[in-house]
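In order, the protein sequences belong to chains G and C. So that you can map any letter, position 344 of the first sequence is 413 in my numbering, and since no number is skipped, the others follow by simple counting. So that you can map any letter, position 59 of the second sequence is 39 in my numbering, and since no number is skipped, the others follow by simple counting. Ideal Cβ placement from N, Cα and C applies to all residues, glycine included. It should be emphasised that the depicted structure is a prediction, and the values quoted were computed from it without experimental measurement.
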Amino acid sequence: MANNRVVITGVGVVSPFGAGVETLVRNLLECKSGITVYEELKSIPSITSFTAGTAPEIDFSFIPRQYRRSMTKMSMFAIMASIEALKSAKYETAPEGTALYIGSTISSMKAWIDFAEKYINKHLEQVKTTAVFQVMNHSPLANLSQSLNIKGPGFGVCNACATGLVNIGLAYQAVKAGLIKSALCGGTDEYHPMMTGCFSIMNAASNQYNDAPSKASRPFDIKRGGIVCSEGSGMIYIESLENALERGADILAEIAGFATNTETKSISHPSSESIIDCMSLALQNADIKPDNIDLINAHATSTVAGDAEEAVSIAKVFGLKPKVNSLKGHLGHTMAASGSIELIAIIKMMLCGKIAPTLNLEEIDPACSGISHITKTQDISINTFMKNSFALGGTNASMVIRRYVK
Amino acid sequence: MQKEEIIKIVNRALVKEFELDESLLTPEADFVSLGLDSLDAVDMVITLEQAFKVDIRNNYKVGDFGSLGGLYDFIEKLIKQKNNV
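Below, the structure is given as structure tokens:
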């Protein structure tokens, strides 16, 4: 089996700040928040969290109607992000053999609700044919391959909030092993109030800052109270180093290692044991020691239990040496897209030497201490970082990224 | 309902649903030349059933209409049948 080095040569994003990687990174470094009040949430009595991170209105009419008709926003986000990723990889269209790895947490809640409403009211005859393609689990994969004419192998892997990073990890393993030459990979999700509802049911949705939405998501802070759900897509173009050098591509970073494991103690909370195992396996896969990691971009979603468990795990494996941040203070939790959007942001920050802090981390919770939090934008030289991404249902994922050197 | 009104409603529905250029909606226009495929054909039936409150799918036979003009006539016929009942 081959043992290729795997590099990232293209990145693209849609986030609560809008379309584009530069827009994302600028807003993060300027400590802006993408969170606002989502009025519809106020009309649902059992939901006490009124904040969300939705992307500004985007004109998707550039996608031809015959493709757009079977899409919901999550597919359109993914297409926009993929086009940007391909362009930044210096491609007008995806080259032959490009594989696709993309998923969402679940398919479009809005499309499912519209479909189910007609079914329940016994008016299935009113459901349009295109609705079927909107509610499929692998709808973003199908729509992306159709609209961008990508014929390579396609995988619609869905691991809830770890989806984005897991897809990049699986694509990395396939390129490394020589099974494929290149891949477009990542995650995508669209916001629906039901998402906030899901976390509200578990008392894990932020509800203490409804009047100050920009403060609502506050990972590791003592006053954090839960997740703020948001939306977007992060897509990455990866290829073997050999392929990238042959075609003279600009190499943004190298994927040095990846690991994923499954929590079996709880379906809702990752335990420190499984997080430690996952991060340790990623280090092992990258063949590096904890001391080699300069920064950890945490999953940290602003929940009371999850942030503390991750902080304790990082402290045990890494101590105080690496800096730690979470971008969910700015972005909220972009769900299936969070792993890939945040990975892209940190790669760009690594390249420009400036790292965004954990927004709203005003007073570190003692339960989240023992690690080196970043609380303001800093000039930091990063050569190697780890990205964590965890999911309800027990999926953990950690990836090691390093600055490319020949 | 007058034929002119039927044409207006059909055209409005098709422009909205399929983002068609209204100037192309002539009685001679066939659906393939308008860029509509088999999925669109099913969705067109649903759209027009909702617009006119008539049952198209159970009254339609292959060959009933191949052009937009034929569709106008077919809808007119269904509306008349409905009104007679």
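Continuous alpha helix (DSSP H) stretch holding residue i: start and end
i: methionine 149 of chain G; result: 142 to 157
i: arginine 134 of chain G; result: 134 to 137
i: serine 208 of chain G; result: 208 to 217
i: glycine 266 of chain G; result: 262 to 270
i: isoleucine 189 of chain G; result: 178 to 189
i: lysine 392 of chain G; result: Premise fails: lysine 392 of chain G lies in the beta strand (DSSP E), 392 to 394, not in any alpha helix (DSSP H).
i: leucine 430 of chain G; result: Here leucine 430 of chain G belongs to no alpha helix (DSSP H), and DSSP marks it neither H nor E.
i: leucine 93 of chain G; result: 90 to 98
Own chain residues within Cβ distance below 7 Å of residue i, not counting five before or after
i: isoleucine 413 of chain G; result: Val80, Val82, Val90, Gly303, Ile305
i: threonine 199 of chain G; result: Arg138, Ser139
i: alanine 163 of chain G; result: Leu155, Leu217, Ile219, Leu253
i: valine -5 of chain C; result: Glu2
i: aspartate 35 of chain C; result: Glu29
CA nearest to the CA of residue i, picked from the options
i: arginine 138 of chain G; options: C:Leu16, C:Gly46, C:Glu(-15); result: C:Leu16
i: serine 275 of chain G; options: G:Ile219, G:Pro125, G:Ser299, G:Lys245; result: G:Ser299
i: glycine 439 of chain G; options: G:Tyr473, G:Arg74, G:Leu389; result: G:Leu389
i: serine 115 of chain G; options: G:Val204, G:Met271, G:Arg74, G:Asp258; result: G:Met271
i: glycine 326 of chain G; options: G:Arg316, G:Cys347, G:Phe387; result: G:Cys347
i: glutamate -1 of chain C; options: G:Leu97, G:Ser130, G:Val94, G:Ala425; result: G:Ser130
i: isoleucine 416 of chain G; options: G:Leu428, G:Ile320, G:Thr141, G:Lys284; result: G:Ile320
i: serine 47 of chain C; options: C:Glu8, C:Ile55, C:Leu(-6); result: C:Glu8
i: leucine 400 of chain G; options: G:Val76, G:His442, G:Ala425; result: G:Ala425
i: isoleucine 132 of chain G; options: G:His368, G:Lys334, G:Lys245, G:Met149; result: G:Met149
i: isoleucine 171 of chain G; options: G:Val226, G:Val201, G:Leu155; result: G:Val226
i: serine 441 of chain G; options: G:Gly422, G:Ala384, G:Tyr473; result: G:Ala384
i: arginine 316 of chain G; options: G:Glu323, G:Leu110, G:Ala158, G:Ala71; result: G:Ala158
i: alanine 476 of chain G; options: G:Met264, G:Ser341, G:Ile324, G:Val474; result: There is no way to answer for residue 476 of chain G, as the model of chain G reaches only from 70 to 475.
i: lysine 111 of chain G; options: G:Val201, G:Tyr136, G:Ala121; result: G:Ala121
Residue i (DSSP reduced to helix, strand or coil)
i: phenylalanine 54 of chain C; result: helix
i: isoleucine 77 of chain G; result: strand
i: methionine -19 of chain C; result: coil
i: serine 251 of chain G; result: strand
i: lysine 423 of chain G; result: strand
i: cysteine 347 of chain G; result: helix
i: tyrosine 241 of chain G; result: helix
i: histidine 399 of chain G; result: helix
i: phenylalanine -2 of chain C; result: helix
i: leucine 461 of chain G; result: coil
i: valine 106 of chain G; result: strand
i: isoleucine 449 of chain G; result: coil
i: lysine 197 of chain G; result: coil
i: cysteine 437 of chain G; result: helix
i: arginine 316 of chain G; result: coil
i: serine 409 of chain G; result: helix
i: asparagine 276 of chain G; result: coil
i: serine 456 of chain G; result: Correcting the residue identity first, residue 456 of chain G is lysine in this sequence and not serine. Strand, per DSSP.
i: methionine 205 of chain G; result: coil
i: glutamate 308 of chain G; result: strand
i: isoleucine 416 of chain G; result: helix
i: threonine 372 of chain G; result: coil
i: serine 302 of chain G; result: strand
i: threonine 162 of chain G; result: coil
i: methionine 468 of chain G; result: strand
i: leucine 169 of chain G; result: strand
Residue interval of the beta strand (DSSP E) (run including residue i)
i: isoleucine 36 of chain C; result: It is not in any beta strand (DSSP E) - isoleucine 36 of chain C carries neither H nor E in the DSSP assignment.
i: threonine 329 of chain G; result: 322 to 331
i: isoleucine 291 of chain G; result: Element bounds for isoleucine 291 of chain G: n/a, residue is neither H nor E.
i: isoleucine 365 of chain G; result: 364 to 366
Cut-off 8 Å between Cβ atoms - residues of its own chain near residue i, not counting five sequence neighbours on either side
i: proline 339 of chain G; result: Glu332, Gly375, Glu378, Glu379, Phe459, Gly463, Asn465
i: glutamate 165 of chain G; result: Lys220, Gly221
i: threonine 123 of chain G; result: Pro85, Thr105, Tyr107, Tyr260, Ser299, Glu300
i: glutamate 432 of chain G; result: Asp290, Ile291, Lys292
6 Å Cβ shell around residue i - same chain, five flanking residues per side excluded
i: glutamate 411 of chain G; result: Asn366, Leu396
i: alanine 168 of chain G; result: Gly221, Pro222, Ile249, Ala252
i: cysteine 437 of chain G; result: Phe289, Asp376, Ala377, Ala380
i: leucine 98 of chain G; result: Lys423, Ala425, Thr446
i: lysine 456 of chain G; result: Asn366, Leu412, Met468
i: proline 282 of chain G; result: Ile104, Thr105, Val106, Thr120
i: methionine 418 of chain G; result: Ile424
i: alanine 229 of chain G; result: Thr174, Ala460, Leu461, Gly462
Residue i: contacting residues in chain B (beta-carbon distance under 9 Å)
i: glutamine 30 of chain C; result: Checking the listed chains, one finds no chain B in this structure; the protein chains it contains are G and C.
Heavy atom of the ligand HEM within 7 Å of residue i beta-carbon
i: isoleucine 415 of chain G; result: Within the structure as shown, the ligand HEM is missing, as the structure has no ligands at all.
- prompt: Between the segment 319 to 347 of chain G and chain C, which residues of the former have a C-beta closer than 9 Å to a C-beta of the latter?
  reply: none
- prompt: Along the segment 166 to 195 of chain G, what residues have a CB closer than 8 Å to any CB found in chain C?
  reply: Glu194, Gln195
task: Could you list the residues in the segment 199 to 232 of chain G with a C-beta less than 8 Å from some C-beta on chain C, going in chain order?
output: Thr199
message: Which residues of the segment 108 to 135 of chain G have a Cβ closer than 9 Å to any Cβ of chain C? Give them in chain order.
response: Ser130, Arg134, Gln135
- request: Give the residues from the segment -12 to 11 of chain C that approach chain G closer than 8 Å (Cβ to any Cβ), ordered along the chain.
  value: Phe(-2), Glu(-1)
message: Please identify, using Cβ separations under 9 Å, the residues of the segment 37 to 55 of chain C that lie next to chain G, in order along the chain.
response: Arg37
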